[in-house]
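In this text, residue positions in the sequence shown follow the numbering used here: the first is 254, and each later residue adds one.
The beta-carbon is built from N, C-alpha and C at its ideal position, and this holds for glycine as well.
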Amino acid sequence: MYQLRRDYLAPPNYQLEEYLEEVKANQGFSEKYNQHLKATGEKIEEVEIAIALQSKIVELAEIKRRQAYLMQSAETIKYLTAEELEARVKMKLF
Numbered sequence: 254m255y256q257l258r259r260d261y262l263a264p265p266n267y268q269l270e271e272y273l274e275e276v277k278a279n280q281g282f283s284e285k286y287n288q289h290l291k292a293t294g295e296k297i298e299e300v301e302i303a304i305a306l307q308s309k310i311v312e313l314a315e316i317k318r319r320q321a322y323l324m325q326s327a328e329t330i331k332y333l334t335a336e337e338l339e340a341r342v343k344m345k346l347f
């Protein structure tokens, strides 16, 4: 005979500030909040907003990093001769 087994997750007892601190510290991720979602299925609006905000902050930082790299690369390319540029492309430096 088959026996029905149920595993229940007890809802974590964290304060809102704990979720928000973890989201900020982990660039938009909170293990505590994930536990809360698994246990209750209920979303907390403030935490969802904080996650979205942190994700956008990380995305903006990445865009700025890429832009700085492209500007530096453009500055380098500007001073290369055609032969030097072709040699670098063949060596896959760009």
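query	result
Same chain only: Cβ atoms within 8 Å of Ala314, ignoring 5 sequence neighbours per side	none
Buried or exposed by the 16-neighbour rule on C-beta atoms within 10 Å, applied to Ser223	The structure shown has nothing for residue 223, since the chain only spans 254 to 347.
Under 7 Å between C-beta atoms of Gln268 and Gln307	no
Beta-carbon gap between Tyr272 and Val300 smaller than 7 Å	yes
Pair within 7 Å by beta-carbon distance, Ile304 and Val276	yes
Nonlocal neighbours in the same chain, by C-beta distance under 8 Å from Val311, ignoring five residues either side	Gln280 and Gly281
The ligand ZN heavy atom lying under 6 Å from the CB of Glu271	Annotation note on the ligand ZN: not contained in the displayed structure, which lists no ligands.
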